[in-house]
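As you go down the protein sequences, you meet chains X and B in turn. Going letter by letter, the first sequence gives residues 9 to 419 in the working numbering. Going letter by letter, the second sequence gives residues 9 to 419 in the working numbering.
Number of protein chains: 2
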Amino acid sequence: MNAIIINIGNELLNGHTINTNAAYIAQKLSGIGINVIETIVITDDEQAIVNTISNAYSKADIAICTGGLGPTTDDITKKAICQYFNVSLVFDELIWQHVQQLFAKRNINISDKNRSQAEIPHGATTLTNKIGTAPGLVLTKEHFTFIALPGVPFEMQHLIDEEVLPYLIQHHKLIPPFTKTLLFTDISESLLAEKIDTWDKKLREHDIQIAYLPQPGIIKLKLFSPILTAKQNTVIDDFIRFVQEKLNDFLAYVGDVPFAKLIGELLIENQATLATAESCTGGYIAHLLTSIPGSSAYFKGSIIAYSNEVKINSLNVPSITINQYGAVSQAVVETMAKEVLKKFNTDYAIAVSGIAGPDGGSYEKPVGTTWIAVASHNEIRSQKFIFTGDRLRNIERASISALNMLRRFVK
Amino acid sequence: MNAIIINIGNELLNGHTINTNAAYIAQKLSGIGINVIETIVITDDEQAIVNTISNAYSKADIAICTGGLGPTTDDITKKAICQYFNVSLVFDELIWQHVQQLFAKRNINISDKNRSQAEIPHGATTLTNKIGTAPGLVLTKEHFTFIALPGVPFEMQHLIDEEVLPYLIQHHKLIPPFTKTLLFTDISESLLAEKIDTWDKKLREHDIQIAYLPQPGIIKLKLFSPILTAKQNTVIDDFIRFVQEKLNDFLAYVGDVPFAKLIGELLIENQATLATAESCTGGYIAHLLTSIPGSSAYFKGSIIAYSNEVKINSLNVPSITINQYGAVSQAVVETMAKEVLKKFNTDYAIAVSGIAGPDGGSYEKPVGTTWIAVASHNEIRSQKFIFTGDRLRNIERASISALNMLRRFVK
């Protein structure tokens, strides 16, 4: 089955908003075996929307459209849907009740404009939006299924996961394709490709697609096949055995999970707790860890020592150490790690101090220079990195590298 | 002038890579007065590329295409260009020299595959790519200018900034358009739309486009016009005066800056320093603040008190208070704020404690319940919020709400 993704919105067209919706939907559709053949972003213009739906009808089985379902004047997707499917808008009392309840819960006055959110194209199936006012809409015409969703990412994601995927699986009797993901660290994409060159060819010969997906500090290797034959299964098992034997030093995980979740699982397995002391990462490691539900089972907290004063007063870093070696030094991160471990009474601690940029670099310590320490009650390890990205990229890289050092340390 | 952006690549279609190229190009084109009317992502297929160029020719003055200019076998953009423009590939000696020099500089052996990078469609103008092997290509046909760029983001960005924009400005005598952004908080998109309904119509009557760009906790209102007439200028001034008089309570800023930067500017203006004590936001407020270069001038650090133990031991929250009122309570956040203010010796402090979800909610305190306090040495304010998103969304909303409470407090 082929799908086209249509994203409506001037904020996407003029580049003020990066189109993360398209990637989210495409990944989820791939996950149930639907092939995205085109993604198109168009303006809030009724005729443009009608033409794009018409084009999707001629090329694809499914079109998923986001945006333009809100109450403001530029939201005209529903009008375009009515024009294309030749139906009119009807007021839906149940949806109106839902909209009113949502406003009441948020303690916000409801405006008359919101009444329009309860109007839906006649004959459309509605998909319940538990966390927002605009429901999803499904309309069909011969072979073609058209689904309209709100453009707000978290509402769209909720509807895709809870409503759209189950709907498509049920109505089109889809079989999820086979995928297997391997997470690698401490290896470049090209070196990994070189090391598995023979296997790459062999997997492709057996119609198993293989994709390299680099992320800051991590490479995801994704294997994919629409169905999985017994022969393919054997080849994949052999490949994973090869990786575990020959590339075990670089293999972080067999499976596709956020890196912080992998760390959480490892800590739970070891019944261990963690604290962080962060300077240049400014709370980003703590944020990654606490993004995972249930992280309170192992993460106790952090001291963000952004100023030297906090390093000195709250982490007992001697000011003489800072004067002698600088705030970005082995001595400083090791003290930070040991102190937060003691202070928060945890089994492990991570500490980071670096120069994220764009300013603050020197000849000896260029922008990107970062010291990371991991500590337990018996042992401490520290390492220097030099990252070469911009400020945000350096913060991300330092955070993933710190979690990866902890992973190796705990193992 | 109208433009269409074409991005070629399966990694974009299947959602493994988020299409940041389209947003980058669109922002830059908008900045010189070119209107992006469509963005389309297609697969590495010669006929699909030819059809898409042909469609762009019929709708737009300019098409900018990224991807498929590299030396690997699936890079077939140049073949498609030759087919559409009915020309053949010719070997360009100067480009070949550039490719060879680049490989020598990187100390990598050059392969015969790379010779193909010096082949360009006959009649194309080449745009020098100082940092990569594939040059940009410009071809024209009647009204239509077609530009092909490599898909690697930093090469594409370099070519857009250094070559494409100067080329387009020179050849089409372009004038940058007028834009003005207003940031609002504490108001829903629909209520804002209602309150400026009359002005919305008036601005549109004067050919000033108006766009609502909602982000977690913030609404950006963007005004846009290709040129700014004296009459339009007066209307916009009158509108901003209206907003400042009637909606001043919701207007956070006239201008377009990240919210954390606005807070930073306010603190610098007041020569004030800030610390945070975070529970449910888990470091995200600190991360937003430290994402801004130069934030060390006002942000000293944070205590992430994710566990009650850290709240008790590092922030002096009495355990009896937690037992009596719960960790998500006014008494707890107020103590957290006062203690971190004292401990880190700052002028202001923010404290947050809440239930981000998905678990941990109760009838009395449902998921999303969040207490936020802001404190100075003389005063403390606290407020309860109930956010209704998923975990990450609640963390984002709580963080922006906390920064916004501080903004009101400092003012």
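Beta carbons are placed, not taken as given, at the ideal position from N, Cα and C, and that holds for glycine. The structure presented is a predicted model; accordingly, all values stated were derived computationally and were not measured.
- Closer than 8 Å at the C-beta level to chain B, one finds these residues of the stretch 297-312 of chain X: L297, T298, S299, P301, G302, S303, S304, F307, K308, G309, S310, I311, I312.
- Two segments are said to touch when three or more pairs of C-beta atoms, one from each, lie closer than 8 Å; by this definition the stretch 151-171 of chain X does not touch the stretch 207-217 of chain X.
- Under the three-pair Cβ rule at 8 Å, the stretch 339-359 of chain B counts as touching the stretch 270-290 of chain B.
- Counting C-beta pairs closer than 8 Å gives three or more between the stretch 181-192 of chain B and the stretch 229-249 of chain B, which meets the contact rule.
- Contact with chain B is absent for V336(X), since none of that chain's Cβ atoms lies less than 8 Å from the residue's Cβ.
- No Cβ of chain X is located within less than 8 Å of the beta carbon of D215(B).
- In the three-state scheme derived from DSSP, where H, G and I count as helix and E and B as strand, Q279(X) is classed as coil.
- For the stretch 311-335 of chain X, the set of positions with a beta-carbon nearer than 8 Å to some beta-carbon of chain B reads I311, I312, A313, Y314, S315, E317, V318, N321, S322 in chain order.
- Think of a sphere of 9 Å around the beta carbon of Y292(B): the chain X residues whose beta carbon falls inside it are G291, Y292, A294, H295, T298, S299, in chain order.
- Under the Cβ criterion of 8 Å, S38(X) is counted among the residues facing chain B.
- For I50(B), the nearest beta carbon of chain X is closer than 8 Å to its own beta carbon.
- Annotated as distal: A30(X) and T85(X), with beta-carbon spacing of 8 Å or more.
- Between the stretch 246-255 of chain B and the stretch 252-259 of chain X, the count of Cβ pairs shorter than 8 Å is below three; the stretches do not touch.
- For S119(X), the neighbours in chain B by C-beta distance under 7 Å run, in chain order, S198, L199, E202.
- Taken in chain order, the complete alpha helix (DSSP H) segments of 4 residues or longer contained in the stretch 65-116 of chain B are 85-93, 101-114.
- When 8 Å is used as the limit between beta carbons, V44(X) is near these residues of chain B: L21, N22, G23, in chain order.
- For the stretch 363-378 of chain B, the set of residues with a beta-carbon nearer than 7 Å to any beta-carbon of chain X comprises P366, D367, in chain order.
- Put simply, the CB of F352(B) is near chain X, with a gap under 8 Å to one of its CB atoms.
- Of all residues in the stretch 393-419 of chain B, only I394, T396, G397, D398, R399, L400, R401, I403 come within less than 8 Å of chain X when Cβ atoms are compared, listed by chain position.
- For the pair L167(B) and L135(B), the CB atoms are nearer than the 8 Å cut-off.
- When Cβ pairs closer than 8 Å are counted between the two stretches, the stretch 297-307 of chain B is seen not to touch the stretch 323-338 of chain B, the count staying below three.
- Interface residue (Cβ-Cβ distance to chain X less than 8 Å): Q109(B) is not classified as such.
- Not flagged as an interface residue toward chain X: Y65(B), since no C-beta distance is shorter than 8 Å.
- Note that the C-beta distance between L77(B) and A142(B) is below 8 Å.
- When beta bridges are read from the DSSP output, N10(X) appears opposite N43(X).
- Judged by DSSP secondary structure, Y333(X) falls within the alpha helix (DSSP H) whose first and last residues are 327-333.
- Neighbours of I14(B) in chain X, taken as residues at a C-beta separation under 9 Å, are lacking, since the least C-beta distance is about 10 Å.
- Annotation for K209(B): the continuous alpha helix (DSSP H) segment containing it runs 205-213.
- Q178(B) and D169(X) have their C-alpha atoms some 48 Å from each other.
- Taking the beta carbon of Y32(B) as reference, the chain X residues within 7 Å of it are G23, listed in sequence order.
- Contact of R114(X) with chain B is assigned, a C-beta pair being separated by under 8 Å.
- Contacts with chain B (Cβ-Cβ distance below 8 Å) from the stretch 215-240 of chain X involve A219, L221, K230, listed in chain order.
- Looking at the backbone, the Cα of I218(B) and that of K209(B) are separated by about 10 Å.
- Residue contact with chain X for I70(B): absent (no Cβ-Cβ distance below 8 Å to any residue of chain X).
- Among the residues of chain B, those whose CB is under 7 Å from the CB of G78(X) are E197, following chain order.
- Around the C-beta of K113(B), fewer than 16 other C-beta atoms lie within 10 Å, and the residue is accordingly described as exposed.
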